[in-house]
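>
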Amino acid sequence: AAGLGEGLQPPSTAPLPQASPPARSFQLDYEKDCFRKDGAPFRYISGSIHYARVPRPAWRDRLLKMYMSGLSAVQVYVPWNYHEPLPGVYDFAGDRDVEAFLDLTAELGLLVILRPGPYICAEWEMVSPNQPLARHGGVEAPSLPPAYLAAVDSWLHVLLPKIKPRLYQHGGNIISVQVENEYGSYYACDYGYLRHLLGSFRALLGTEVLLFTTDGTRAQELRCGTLQGLYATVDFGPGSNVTEAFGAQRRVEPKGPLVNSEYYTGWLDYWGEAHASTSWARVAWGLEDMLQLGASVNMQVVSWQGAQPGYMFHGGTNFAYWSGADFKEQYKPVTTSYDYDAPLSEAGDPTEKLFAIRTVISKFQPLPAGPMPPATPKYAYGRVALRKHADLLDVLDVLCPSGPIQSQFPLTFEAIKQAHGFVVYRTRLPRDVLDPATLGAPPHSVCDRGYVMLRQEYRGTLERDGQTTLRVTGRAGDTLDVLLENMGRISFGANISDFKGLLGNLSLDSSPLSNWLIYPLAIDTAIQQGWLHAALPESSSGGRAGPAFYTGTFETPGIAWDTFVKFPGWSKGQLWINGFNLGRYWPCRGPQQTLFVPGSVLHIGRPNNITVLELEGAPPAPFLLFLDRPLFNRTLSSSTTATK
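One rule links them: number in my numbering = place in the sequence shown (from 1) + 73.
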């Protein structure tokens, strides 16, 4: 007994060691057909938002409203060309600070499903001069062009190290990362490309993060868009049979969670077509059907007149030149507004559709405590008179300070490294044209609109899939100018190698014109440097039609609230307020009649500077009208005018 007591210590009063908490994890459970978050079964209800379409001061408001809608996660695209405008030049400041956006989602208690591409679709203006025009650099074969893969790898080596510390496994809130986007809808069907991306994502993000793909439900899409090592999800809208759609996912993923990565809650607008909307009841019923099956869902808005999904739970705005285009039998440019009849409107206001969705969600999981934040305040600042400042052709020295590029024949935007906006093509008539001659372009060579001036007088517009000839007269040596506008690159399908500018030579009665001076215009730079509002209006501007700048100012009554600007009597053009490019207006084509102006771009206590580039013709007494609500109620096509 004495031996037993030797060496014994009195009982410790210290607490017994506790088992360490399980490591943070987000995984697939193939046995129970679900996700597991920290070991427990988990189903997410998510909504899409694009930070690039929302001004940074509004990020918190939009995300908070999404959280209060009952969403557990947000789905986020990262647009490559938004952050790498030139080769090796990266921009993550201000509205482009994706890390700040992701940190804000975490602060508000939202998980993130990240979609970094490298291709994203999203009806987004697709490329910069340094990036291939298609996933395979425009090469018409399912190969792996080294230049494209090198560009992709360089980009991923910049982006993904910013993402890795924000992964759920590392204490962040990013639960999964999509590789590529609807690759099955692309013609190449190149598994080598997907394997290359999988290797890059794994090397840069690690082995624990959940990587997935998203494709439509057709067999070809799922065959070409999926790869072992990437969890396959599907997308479909409220018009689909839910059981059949998830059956398509089960054919490629027999086990694991059911996931609709893009549940379409609305419809997008194209210039010249009617404003689209989707019934809130139809959206809510489809959502409830999926949730009853235990599926995880991400809600978005879509163009479903074919097979292309678009987005959003909150869409926002295609500011500046960021709106892309579709190709459905013809070129279809997308409107500036990305409202899309989404649950949260373009201005971030809760809609009837949002509250219907919120009611459905409440049947399956508790809603956050507290009321939904209200709509942001709006103000009708009223009528603001403008005056003509200068014809565009009179200020080429300001807009193109480096001077023109000389070329025997026209060069594309891409060839002269002009990503967006406008380029002037100038030549001279080679002979007298006393009787009207046909100035024409080959089919599909005007990309996308060409505003024609002869002796600095506006003669008309050439348009992609539209009018491609004009009748002109003139003398040998007369100056012929064509202002080319990029209306947005095609962002989906086999036609995404969408070069801009004059893709073929203009001819005069079938005789090709040559000896061109090409002016890439840096309009935004000139406006942001204050050129228009520092200089006096040009006295020689007169009242001519055609491309011209108009300016004006207004002051707010001690507030800077959101507003909407209408363009009575204007034709088509671009609007800036205080140097911020608010996007394209085109009221005579419709359906969009107003542009959204975020209050964050306005000044209090000092004048707000308005700059308009009108491309065809302003009204005789030009003015803008600021309203407290948007107008999407008119479409003018070639043959009919439709109203709401």
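Virtual Cβ for every residue (Gly too), placed ideally from N, Cα, C.
Since this is a predicted model, take the numbers as computed values, not measurements.
Nearest CA to the CA of D603: which residue from D508, R129, G625?
For the record, residue 603 in the displayed sequence is Gly; it is not Asp. Among D508, R129, G625, the Cα nearest to that of G603 belongs to G625.
> Decide if L697 is buried, meaning its Cβ has at least 16 other Cβ atoms within 10 Å, or exposed.
buried
> Going by other Cβ atoms of all chains shown within 10 Å of its Cβ, with 16 needed for buried, is Q666 buried or exposed?
buried
> Check the Cβ-Cβ distances between D412 and every residue of chain B, and say whether any is below 8 Å.
Protein chains in the displayed structure number just one, and chain B is not present.
> How would you write the range of the beta strand (DSSP E) that N333 sits in, first residue to last?
DSSP places N333 inside the beta strand (DSSP E), whose first and last residues are 332–340.
> How many Å lie between T290 and N314 at the Cα?
11 Å
> What do you reckon, are the CB atoms on A305 and Q322 nearer than 8 Å?
yes
> What residue does the alpha helix (DSSP H) around T598 start on, and which one ends it?
596–601
> So for L159, helix, strand or coil by DSSP?
strand
> Please state the DSSP three-state secondary structure of F392.
coil
> Could you tell me which residues DSSP pairs with W589 in its beta bridges?
S480, per the DSSP bridge assignment.
> Three-state secondary structure (DSSP) at Y452?
Taken through DSSP and simplified to helix, strand or coil, Y452 comes out as coil.
> Taking 8 Å as the threshold, find out whether the stretch 395–413 comes into contact with the stretch 557–575 through three or more Cβ pairs.
yes
> Within 10 angstroms of its Cβ, does T299 collect 16 or more other Cβ (buried), or is it exposed?
T299 should be labelled buried.
> Closer than 7 Å by C-beta to G561: which residues in its own chain qualify, once you throw out the five before and the five after it? Chain order, please.
Once the five neighbours on either side are set aside, the close Cβ partners of G561 are E198, S396, G397, A398, P406, V407.
> On the CB-based measure, 16 or more other CB atoms within 10 Å of its CB, does H34 come out buried or exposed?
No answer is possible for residue 34: it lies beyond the span of the chain, which begins at 74 and ends at 717.
> Give the list of continuous alpha helix (DSSP H) stretches no shorter than 4 residues that lie fully inside the stretch 291–330.
292–298, 315–325
> Cα-Cα, which of M445, E281, D412, G550 is closest to F428?
M445
> What's the call for K735, buried or exposed, on a 16-neighbour Cβ count within 10 Å?
Outside the displayed span of the chain (74 to 717) sits residue 735, for which this structure offers no information.
> Any contact between the stretch 105–117 and the stretch 346–363? By contact I mean 3 or more CB pairs, one from each, below 8 Å.
no
> Once the 5 residues before and after P703 are set aside, which same chain residues still bring their CB inside 6 Å of it?
For P703, where only same-chain residues beyond five positions count, the Cβ hits under 6 Å are F637, T667.
> By DSSP, does A398 sit in helix, in strand, or in coil?
strand
> Output the distance between the C-alpha atoms of G272 and D467, rounded to the nearest integer angstrom.
53 Å
> Please determine, among K110, N154, D111, the residue with the shortest C-alpha to C-alpha distance to S732.
As shown, the chain starts at 74 and ends at 717. That puts residue 732 outside it, with no answer to give.
> Looking at the secondary structure, which residues open and close the alpha helix (DSSP H) in which M526 lies?
Unbroken run through M526 is the beta strand (DSSP E), 522–527; no alpha helix (DSSP H).
> Please list, in chain order, all residues of the same chain as K645 whose beta carbon is under 6 Å from its beta carbon, the five residues on each side excluded.
Taking K645 as the centre and dropping the five residues before and after it, the same chain places the C-beta of W659, L688, E689 closer than 6 Å to its C-beta, in chain order.
> Taking just the CA atoms, how far does V307 sit from S350?
23 Å
> What are the partner residues of R188, as DSSP defines its beta bridges?
The partner list for R188 (beta bridge, DSSP) reads Y150.
> Can you tell me whether F699 is buried or exposed, with buried defined as 16 or more other CB within 10 angstroms of its CB?
When all chains shown are included, F699 counts as buried.
> Please confirm if the stretch 522–538 is in contact with the stretch 474–482, defined as three or more CB-CB distances below 8 Å between the two stretches.
no
> Would you mind sorting Y260 into buried or exposed? The rule is 16 or more other CB atoms within 10 Å of its CB.
exposed
> Ignore the nearest five residues each way along the sequence and tell me which others in Q293's own chain have a CB closer than 7 Å to its CB.
Excluding sequence neighbours, Q293 sits near G257.
> Where does L704 sit, in a helix, a strand or coil, going by DSSP?
coil
> If I measure Cβ to Cβ from A125 and keep anything under 6 Å in the same chain, skipping five residues before and after, which residues do I get?
The residues are P152, Y155.
> Within this structure, are the beta carbons of A514 and L579 separated by less than 8 Å?
yes
> With C-beta atoms as the reference, is A255 less than 8 Å away from D288?
First, the amino acid is wrong: residue 255 is Glu here, not Ala. Yes, Cβ-Cβ distance for E255 and D288 is below 8 Å.
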